[in-house]
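Before any comments, here is the structure.
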Amino acid sequence: MKKILVIDDTLHLLEEIRDLLQMEGYDVITAYDAFDGMRKISTTNPDLIITDLLMPEMNGFELITKIRSIDKHQLTPIIVLSAQATKETEQKAREYSADAYIRKPCSADQLISSIEKLLK
Numbered sequence: 001m002k003k004i005l006v007i008d009d010t011l012h013l014l015e016e017i018r019d020l021l022q023m024e025g026y027d028v029i030t031a032y033d034a035f036d037g038m039r040k041i042s043t044t045n046p047d048l049i050i051t052d053l054l055m056p057e058m059n060g061f062e063l064i065t066k067i068r069s070i071d072k073h074q075l076t077p078i079i080v081l082s083a084q085a086t087k088e089t090e091q092k093a094r095e096y097s098a099d100a101y102i103r104k105p106c107s108a109d110q111l112i113s114s115i116e117k118l119l120k
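According to the UniProt record's numbering, the sequence shown is numbered sequentially starting from 1.
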């Protein structure tokens, strides 16, 4: 079973994504901010990471940089899920080595499709 770490400071969204992914058969770990996410990365070794950009203390770009600095996670797929709906933000996420960028709100099908493509 593939492990997915979801990092978002919006609790209801975190729970919705967790429930959706569990129904799809994934082992889901949640983190409420980037620091919690970094702790869970080191203890759970996820196969894929989904992160928000706008979080307190450490934003998603800083988080991606830290994740990519960990040898075993240099190639772990990262999906940015963000309400920042600008082309500039999407381009910046790709420059920071995000593998996919999905704008909030998104459909369940869109999220699942992106995950499946990256975990092949």
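Every residue, glycine too, gets a C-beta built ideally from N, C-alpha and C.
Could you compute how far the alpha carbon of residue i sits from the alpha carbon of residue j?
i, j, result
"Y26", "A100", "19 Å"
"K117", "E57", "31 Å"
"I7", "R94", "18 Å"
"I50", "L14", "10 Å"
"K2", "L21", "10 Å"
"A108", "Q74", "27 Å"
"D9", "T86", "20 Å"
"T89", "T76", "21 Å"
Going by other Cβ atoms of all chains shown within 10 Å of its Cβ, with 16 needed for buried, is residue i buried or exposed?
i, result
"D52", "buried"
"L5", "buried"
"I17", "buried"
"S114", "buried"
"M55", "buried"
"I102", "buried"
"K40", "buried"
Am I right that residue i and residue j are in contact with their C-beta atoms under 8 Å? What's the rounded C-beta distance?
i, j, result
"L119", "D47", "6 Å"
"Y32", "L63", "With a Cβ gap of about 13 Å, Y32 and L63 do not count as contacting."
"I78", "A98", "5 Å"
"S82", "K66", "The Cβ separation is near 17 Å, so there is no contact."
"V28", "G60", "Contact flag wrong, Cβ pair sits at about 18 Å."
In the DSSP output, which residue or residues are listed as bridge partners for residue i?
i, result
"Y101", "V80"
"A31", "I7"
"L48", "I4"
Do residue i and the ligand ATP come close, with the Cβ less than 7 Å from some heavy atom?
i, result
"E88", "Looking at this structure, you won't find the ligand ATP or any other ligand, since it has none at all."
Quick one: what does DSSP say residue i is sitting in, helix, strand or coil?
i, result
"I112", "helix"
"S42", "helix"
"Q74", "coil"
"residue 161", "Examination of residue 161 is not possible in this model, given that the chain is present from 1 through 120 alone."
"K120", "coil"
"L63", "helix"
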